[in-house]
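Residue numbers for the sequence shown follow the working numbering, beginning at 289 and rising by one. For every residue, glycine included, the Cβ atom is placed at its ideal position computed from N, Cα and C. All of these numbers come straight from a predicted model, not from anything done at the bench.
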Amino acid sequence: RIAQRGTRMRLRIVLCIGVLSQAGLARAEVPQPPILMLTSQDNGTVSQSTFPCSGPIHGYVTLPQEASGKHILEGVWIGPKGTVARHSRDELTFSDSGSRTAEVWLRFTKEGGHLWNPAAVEAPGDEDRQIYDGPWGIEVRWDGRTIARSTFTIQCRDF
Numbered sequence: 289r290i291a292q293r294g295t296r297m298r299l300r301i302v303l304c305i306g307v308l309s310q311a312g313l314a315r316a317e318v319p320q321p322p323i324l325m326l327t328s329q330d331n332g333t334v335s336q337s338t339f340p341c342s343g344p345i346h347g348y349v350t351l352p353q354e355a356s357g358k359h360i361l362e363g364v365w366i367g368p369k370g371t372v373a374r375h376s377r378d379e380l381t382f383s384d385s386g387s388r389t390a391e392v393w394l395r396f397t398k399e400g401g402h403l404w405n406p407a408a409v410e411a412p413g414d415e416d417r418q419i420y421d422g423p424w425g426i427e428v429r430w431d432g433r434t435i436a437r438s439t440f441t442i443q444c445r446d447f
């Protein structure tokens, strides 16, 4: 009888481990989107790490859970010299049903070499391109708390 109880206990333990491992595998098969995906495409789904110094860079943010109500989304874009090139701060209002996605963006002029500024009238030059060429970083903040960081490269020449 004692031997039977020991065998039953081992069987229960093995079955329990088997069930738990299958539950873990089931969760692992569901792909989770990255918190921050950078791309040059509107509504893009392919992540990029290198961009020209013309056009937009979209940062699509996937929040860990659905959000509703008012929130502040910030994008701190750090240029190759380690200085803040652009700091956006947007107030977002989500419906009661909630949402898990938001967007930060950085846009260069169509001519290239300038960060988009509606008041700018000057033409881009090689000096501007030298300022933006190189490794960049972005920090995304949600209600004042950093939720994502990423690095990428701007190539103004030969892109």
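Short check: CB of G425 to CB of R433, under 9 angstroms? Inclusion of G425 and R433 in the CB contact set at 9 angstroms is not warranted, their separation being larger than that value.
Work out the CA separation of G367 and F382 for me, nearest whole Å. CA-to-CA, the gap between F382 and G367 works out to about 31 angstroms.
Cα separation between I345 and C444? For I345 and C444, the distance between alpha carbons rounds to 14 angstroms.
Along the chain, where does the beta strand (DSSP E) that runs through V392 open and close? Counting along the chain, V392 sits inside the beta strand (DSSP E) bounded by residues 372–396.
Could you name the residues that DSSP lists as bridge partners for P423? Assignment of beta-bridge partners to P423 by DSSP yields T441.
Going by DSSP in three states, Q336 sits in which element: helix, strand or coil? DSSP places Q336 in coil when its eight states are reduced to three.
Whether L394 touches G332 by CB criterion (9 angstroms): Not in contact: L394 and G332 (Cβ atoms no closer than 9 angstroms).
Same chain only: Cβ atoms within 6 angstroms of H359, ignoring 5 sequence neighbours per side: Same-chain partners within the cutoff: L380, D431.
For T441, count neighbouring Cβ atoms within 10 angstroms of its own Cβ and tell me buried if that reaches 16, exposed if not. A residue is called buried once 16 or more other Cβ atoms fall within 10 Å of its Cβ, and T441, having fewer, is exposed.
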